[in-house]
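Per the numbering used here, the very first residue in the sequence shown carries number 124; after that it's consecutive. Ideal Cβ placement from N, Cα and C applies to all residues, glycine included.
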Amino acid sequence: MENALQIARENIKEIRTVTEWAEEMNYNSSKYFSRRFRNHYQARPKLKLIEFRLEKFCELIKEKSEISCYEIAFELGLKDDIALNKFIKRHTGKPPREWKNG
Numbered sequence: 124m125e126n127a128l129q130i131a132r133e134n135i136k137e138i139r140t141v142t143e144w145a146e147e148m149n150y151n152s153s154k155y156f157s158r159r160f161r162n163h164y165q166a167r168p169k170l171k172l173i174e175f176r177l178e179k180f181c182e183l184i185k186e187k188s189e190i191s192c193y194e195i196a197f198e199l200g201l202k203d204d205i206a207l208n209k210f211i212k213r214h215t216g217k218p219p220r221e222w223k224n225g
């Protein structure tokens with residue numbers, strides 16, 4: 124469980140769900156992984172994945188001002204720029220373009 128956060132950060136593009144994260148951690152049951160994760164980190168794994176995606180989003184727009192929303196979506200493991208827009212707006216209240224311009 125100690126390296127779960129590192130694995131998720133390093134594989135944020137490939138790990139889209141808690142089930143995929145559990146599989147990456149070699150757990151047969153995502154429920155068991157979630158329970159162990161919550162007991163160890165006092166946080167829900169799904170919320171950690173959201174947090175890591177938001178961190179990566181902020182990192183990408185700061186490092187590469189010319190990066191397109193589609194490229195950011197790809198780096199975050201999202202389907203397309205529409206999915207990115209929904210994700211960022213849902214979790215920050217502002218669309219990605221405002222983050223890039225602001």
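Report buried or exposed for residue i, applying the criterion of at least 16 other Cβ atoms within 10 angstroms of its Cβ.
{"i": "Ala166", "result": "exposed"}
{"i": "Arg158", "result": "exposed"}
{"i": "Ile211", "result": "buried"}
Quick check on DSSP: helix, strand or coil for residue i?
{"i": "Asp203", "result": "coil"}
{"i": "Ala145", "result": "helix"}
{"i": "Ile173", "result": "helix"}
{"i": "Ile190", "result": "coil"}
{"i": "Arg139", "result": "coil"}
{"i": "Ala166", "result": "coil"}
Please list the terminal residues of the continuous alpha helix (DSSP H) segment that includes residue i.
{"i": "Ala131", "result": "Ala127 to Glu133"}
{"i": "Asn151", "result": "Run containing Asn151: none; DSSP gives neither H nor E here."}
{"i": "Lys217", "result": "That residue, Lys217, is in no alpha helix (DSSP H); it is neither H nor E in DSSP."}
Please confirm whether residue i and residue j have their CB atoms less than 9 Å apart.
{"i": "Leu128", "j": "Lys171", "result": "yes"}
{"i": "Leu183", "j": "Tyr193", "result": "no"}
{"i": "Arg176", "j": "Gly200", "result": "yes"}
{"i": "Ile138", "j": "Glu147", "result": "yes"}
Does the count of Cβ pairs from the segment 178 to 196 and the segment 139 to 148 closer than 8 Å reach three? In short, these stretches do not touch, since the Cβ pair count stays below three.
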